[in-house]
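A.B. asks:
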Amino acid sequence: MCGIAGIIYRDGSEHAIGAEMTRMLQSMKHRGPDSTGFALYGNGENGNLVMRYKLADANTPRDFDFEDRLRRHRTEVEARLVALGGRIDEVEEETPYAFRVSFGYDGDLKLLADFVEDIPEAEVLSLGRALEIVKDLGDAESVHDQYGLADFKGTHAIGHVRMATESEVDIAGAHPYWAYPYSDVAVVHNGQLTNYFMWRRRLERAGRRFMSECDSEIIAVYLAEEMSKGASLQESMHKSLDELDGVFTYIAVTKDELGVAKDELAAKPLVLYESDDLVALASEEIAIRQLVDHEIETYDPYEREVLVWQR
Amino acid sequence: MAAVGERQISYDARGLAEPVADAPRTAVVEDGVATFDARELTTRTINLELRRLLYEEGVGEVVVQNPQGRHSLGVGILRRCRIRFEGSLGYFACGLIDGPEIHITGRVGWSACENMMSGVVVVDGNGGSLTGAAMRGGDLLVKGRVGARTGIDQKGGTIIIGGSVGSMTGFMMQRGRMIICGDAGPGLGDSMYDGTIYVAGTVKSLGIDCVPGEWTDADTELIERKFRIYGLGSPPEFQKFVCGKVLYNYDSLEPSEKKLVI
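Residue numbers (my numbering), protein chains in the order written: chain A, 1 to 311; chain B, 1001 to 1262.
(1) Kindly list the residues whose CB is nearer than 6 Å to the CB of G86(A), restricted to its own chain and excluding five residues on each side of it in sequence; keep chain order.
(2) First and last residue of the alpha helix (DSSP H) that includes G32(A)?
(3) Between which residues of its own chain and G6(A) is the CB-CB distance below 6 Å, once the five residues before and five after are set aside?
(4) Given a cut-off of 7 Å, decide if I1179(B) and Y1198(B) are closer than it, judged by their beta-carbon atoms.
(5) Straight-line CA distance for D1183(B) to E1086(B)?
(6) Let's test the definition: count the other Cβ atoms within 10 Å of the Cβ of N1126(B) and tell me whether it reaches 16, buried, or not, exposed.
(7) Near E1018(B), what residues of its chain come up, given a Cβ to Cβ distance below 7 Å and the 5 sequence neighbours on each side ignored?
(8) Provide the residue span of the beta strand (DSSP E) that contains A186(A), from first to last.
(9) Verify the CB distance criterion: does P1148(B) have a CB-CB separation below 7 Å to chain A?
(10) What alpha helix (DSSP H) runs, 4 residues minimum, are completely inside the stretch 217-266 of chain A?
(11) Mind listing which residues of the stretch 277-288 of chain A have their C-beta closer than 8 Å to chain B's C-betas, in chain order?
(12) Should A1218(B) go down as buried or exposed, given a rule of 16 or more other Cβ atoms within 10 Å for buried?
(13) Report the residues of the stretch 1188-1206 of chain B with a CB closer than 8 Å to any CB of chain C, ordered along the chain.
(14) Could you spell out where the beta strand (DSSP E) holding G1119(B) opens and where it closes?
(15) Between G1166(B) and chain A, is there a C-beta pair that is closer than 7 Å?
(16) Counting only the same chain and skipping the five closest in sequence on each side, list residues whose C-beta sits under 7 Å from that of G32(A).
(17) Chain B beta carbons: is any one of them nearer than 7 Å to that of T36(A)?
(18) Keeping to the same chain, check which residues put their C-beta closer than 7 Å to that of S1191(B); ignore five residues upstream and five downstream.
(19) Using CA coordinates, which residue listed in A1034(B), R1052(B) and I1046(B) is at the minimum distance from V1063(B)?
(20) Residues of the stretch 293-310 of chain A in Cβ contact with chain B at a cutoff of 7 Å, in chain order, please.
(21) I want to see whether chain B comes within less than 7 Å of A266(A), judged by CB atoms only; does it?
(22) So which of K239(A), T155(A), A58(A) and E264(A) has the shortest CA-CA distance to G246(A)?
(23) Answer yes or no: do D184(A) and A261(A) have a C-beta to C-beta separation smaller than 7 Å?
(24) At the 7 Å Cβ level, is R1084(B) part of the contact set with chain A, yes or no?
(25) Comparing C-alpha positions only, which one of Q310(A), D300(A), H15(A) and E303(A) sits nearest to K153(A)?
(26) For E76(A), collect the residues of the same chain with a Cβ closer than 6 Å to its Cβ; drop the 5 residues on either side in sequence, then sort them by chain order.
(27) Hey, would you say G1128(B) sits closer than 7 Å to G1109(B), going by beta carbons?
(28) Could you tell me whether any Cβ in chain A is nearer than 7 Å to the Cβ of Q1068(B)?
(29) So the candidates are R304(A), Y97(A), R200(A) and G18(A); which of them puts its Cα closest to the Cα of E141(A)?
(30) Counting only runs of 4+ residues fully inside the stretch 58-96 of chain A, write out the alpha helix (DSSP H) ranges in chain order.
(31) Against P269(A), what residues of chain B qualify as contacts under a CB-to-CB distance less than 9 Å, listed in chain order?
(32) Is the shortest distance between the beta-carbon of G1106(B) and the beta-carbons of chain A less than 7 Å?
(33) Assuming A206(A) and E225(A) are in contact, meaning their beta carbons sit under 8 Å apart, how far apart are those beta carbons, in whole angstroms?
(34) Could you tell me which residues DSSP pairs with K1259(B) in its beta bridges?
(35) Give the secondary structure of A1002(B) by DSSP, where H, G and I count as helix, E and B as strand, and everything else as coil.
(36) Over what stretch of residues does the beta strand (DSSP E) that includes S102(A) continue unbroken?
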């Protein structure tokens, strides 16, 4: 089933989006209790890149040298960042296996991501100047507490509660997906793609990497691929309606934009609320009502609709 | 677990919220009208309070304030009464009802009035997809626009939509009437067996075996009557769509049956 949600403040003002998205996702817990994920956009820290990465999954077996290995791999990640010319400002340990590193770097992001992911079990969850992806098993409140999202201020965010239907219940299979290797692009998706393997083979031949068996990862990489050829987010999303098969509603975000697309059957739900300063969208109105406590006018977009908002 | 949301919900081992609950008994009854605020209540306790008032107290009219878009409210009410929801409802609103007159001042989510048997439901706002799914009788009026597959598998009654409808409206419709004052999405009346769909706006495309029908005086009478009852003003000009019945193949045999005959 899955539940998706998004918020964007149109005037670009900063709000406590970490706590707001948590409230939205917690109210949709019944749509997906397996894992919860957030893609949050801050205003960046003095031009630094932020990388969120994990060195193990939440439910992989813990053997005797698990902690030792984590420590070795963590040192290795930092050494490799420095080797590529990165200037590390700060490393935060969110959980024993997930980290956030803020660093200065001007080089090629694909090279950086590939070099880090070359370390066994390492996965770059997000990389960008504004984007931070946080995802783990459990409901929104437990992820919120584990990763300390209460203080996260930003302009827009998307989130996802997952009921796994196509792939494993682990962090690699949790949404949102970062559009490797492009900075600041992320996607959440509710639905199933039926031409997954066709696109996966096609994109793999083009040099993209896939960290999970989850069909939603395709959308993020597909959009990034289109945008890298010069298309806008809106154009790429329009094109995806013809090129991706299946039933879907997905939300895609970049540094300044938030867009939503629905398949041609309008098979998956989405409720939309637009006001002068805020746009909020979610699988169910109950999530939007967590942000706005008075009665509001909301509607369901139709089939093949693509809507994009700027902050 | 820290309190991030306003409401804390506990789940039992099966993942069910509130397996045991009692009606909160917070309603105030004045002149035969009971009013209660749903803001602090859960879905289960709102429905318990509603049922207590209607079935145990025998109140004829109930006003529910601040439903806040919660799911499955006002479901399975099987007697004549009046209910007003002051706000929006979520999924499965007022499903399986038989008899009540319900007024919702906000919007409804997916599958509103699913399998409604009789009564009247008026929604002032918009509706989600699957509005009036498998409806069997009564009137359902949504003044705003609704999502996809409105009146899917409709088996009776009248659905009136003030705005536009999405794709596959009237999919596999079997009986009843649908009056759409706005535009209709692609695949209107796809695979319908019977029933009538009236559309005032444009139709993006007709579904398989849905064809324009011949207008009769009975159609004019029906539309004028419904517009008069619900105070919708003077009706616009409608097009009528019915089943072409070319998909009716009840007399043809299955391949395995043909072998036996030959």
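The C-beta atom is built at its ideal place from N, Cα and C for all residues, glycine as well.
C.D. replies: Taking the definition as stated:
(1) In the first sequence, counting from the first residue as 1, residue 86(A) sits at position 86. So the qualifying residues of the chain are F103 and Y105.
(2) Residue 32(A) sits at position 32 when you count from the first residue of the first sequence. Taken as a continuous stretch (DSSP letters only), G32(A) belongs to no alpha helix (DSSP H), as it is neither H nor E.
(3) The count along the first sequence starts at 1 and reaches residue 6(A) at position 6. Around G6(A): I158, I251, L258 and L281.
(4) Position 198 of the second sequence, counting from 1, holds the residue named residue 1198(B). Position 179 of the second sequence, counting from 1, holds the residue named residue 1179(B). Yes, Cβ-Cβ distance for Y1198(B) and I1179(B) is below 7 Å.
(5) One-based indexing of the second sequence puts residue 1183(B) at position 183. One-based indexing of the second sequence puts residue 1086(B) at position 86. Each residue's Cα considered, the two are about 28 Å apart.
(6) Locating residue 1126(B) in the second sequence gives position 126, where the first residue counts as 1. N1126(B) comes out buried.
(7) Numbered from 1 along the second sequence, position 18 holds the residue referred to as residue 1018(B). Closer than 7 Å at Cβ, skipping near neighbours: T1042 and R1044.
(8) Counting from 1 along the first sequence, the entry for residue 186(A) is found at position 186. A186(A) -> beta strand (DSSP E) spans A186 to L193.
(9) For the purposes of this step, residue 1148(B) is taken as residue 148 along the second sequence, with counting starting at 1. Pro is not the amino acid found at residue 1148(B); the sequence shown has Ala there. By this cut-off, A1148(B) is an interface position.
(10) 233-243
(11) E284, E285, I286 and I288
(12) Counting from 1 along the second sequence, the entry for residue 1218(B) is found at position 218. Looking at its Cβ environment, which holds fewer than 16 other Cβ atoms inside 10 Å, A1218(B) is exposed.
(13) You won't find chain C in this structure, because its protein chains are A and B.
(14) For the purposes of this step, residue 1119(B) is taken as residue 119 along the second sequence, with counting starting at 1. Counting along the chain, the beta strand (DSSP E) containing G1119(B) begins and ends at S1118 to V1123.
(15) Translated into positions along the second sequence, residue 1166(B) becomes position 166. Closer than 7 Å to some Cβ of chain A, the Cβ of G1166(B) qualifies, so yes.
(16) Taking the first residue of the first sequence as position 1, residue 32(A) is located at position 32. Only M1, C2, G3, V161, R162 and M163 meet the Cβ criterion.
(17) Here residue 36(A) is taken as the residue at index 36 of the first sequence, counted from 1. Chain B, which has no Cβ nearer than 7 Å to the Cβ of T36(A), makes this no.
(18) As a first step, residue 1191(B) must be located in the second sequence, where it is residue number 191. So the list reads F1171, M1172, G1207, I1208, D1209 and L1247, once near-sequence residues are dropped.
(19) Here the question's residue 1063(B) lines up with position 63 in the second sequence. Among A1034(B), R1052(B) and I1046(B), the Cα nearest to that of V1063(B) is on A1034(B).
(20) E295, E297, T298, Y299, D300, Y302 and E303
(21) Start at 1 with the first residue of the first sequence, and residue 266(A) comes out as number 266. True, the Cβ-Cβ gap to chain B drops below 7 Å.
(22) Locating residue 246(A) in the first sequence gives position 246, where the first residue counts as 1. Answer by Cα proximity: E264(A).
(23) Locating residue 184(A) in the first sequence gives position 184, where the first residue counts as 1. Locating residue 261(A) in the first sequence gives position 261, where the first residue counts as 1. No, the Cβ-Cβ distance between D184(A) and A261(A) is not below 7 Å.
(24) As a position in the second sequence, residue 1084(B) is number 84, starting the count at 1. It does not; no Cβ of chain A falls within 7 Å.
(25) Start at 1 with the first residue of the first sequence, and residue 153(A) comes out as number 153. Nearest C-alpha to K153(A): H15(A).
(26) For the purposes of this step, residue 76(A) is identified with residue 76 of the first sequence, where counting begins at 1. I119.
(27) Position 128 of the second sequence holds residue 1128(B). Position 109 of the second sequence holds residue 1109(B). Result yes, Cβ atoms of G1128(B) and G1109(B) sit closer than 7 Å.
(28) Residue mapping note: residue 1068(B) aligns to position 68 of the second sequence, counting from 1. Chain A, which has a Cβ nearer than 7 Å to the Cβ of Q1068(B), makes this yes.
(29) Taking the first sequence and counting its residues from 1, the one referred to as residue 141(A) is at position 141. Of R304(A), Y97(A), R200(A) and G18(A), the residue nearest in Cα terms is G18(A).
(30) 66-83
(31) On the first sequence, residue 269(A) is found 269 positions in, with the first residue counted as 1. What P269(A) touches in chain B: Y1091, G1109, W1110, G1128, S1129 and G1147.
(32) Translated into positions along the second sequence, residue 1106(B) becomes position 106. At least one chain A Cβ lies under 7 Å of G1106(B).
(33) For the purposes of this step, residue 206(A) is identified with residue 206 of the first sequence, where counting begins at 1. For the purposes of this step, residue 225(A) is identified with residue 225 of the first sequence, where counting begins at 1. Their Cβ separation, rounded to whole angstroms, is 7 Å, which keeps A206(A) and E225(A) in contact under 8 Å.
(34) The residue you call residue 1259(B) lines up with position 259 of the second sequence. DSSP lists no partner for K1259(B).
(35) If you number the second sequence from 1, residue 1002(B) lands on position 2. Only weak support is given to the placement of A1002(B): the predicted model assigns it a pLDDT of 41, under 50, and the value that follows is read from those uncertain coordinates. If DSSP states are grouped into helix, strand and coil, A1002(B) belongs with coil.
(36) On the first sequence, residue 102(A) is found 102 positions in, with the first residue counted as 1. Unbroken beta strand (DSSP E) run through S102(A): A98 to G104.
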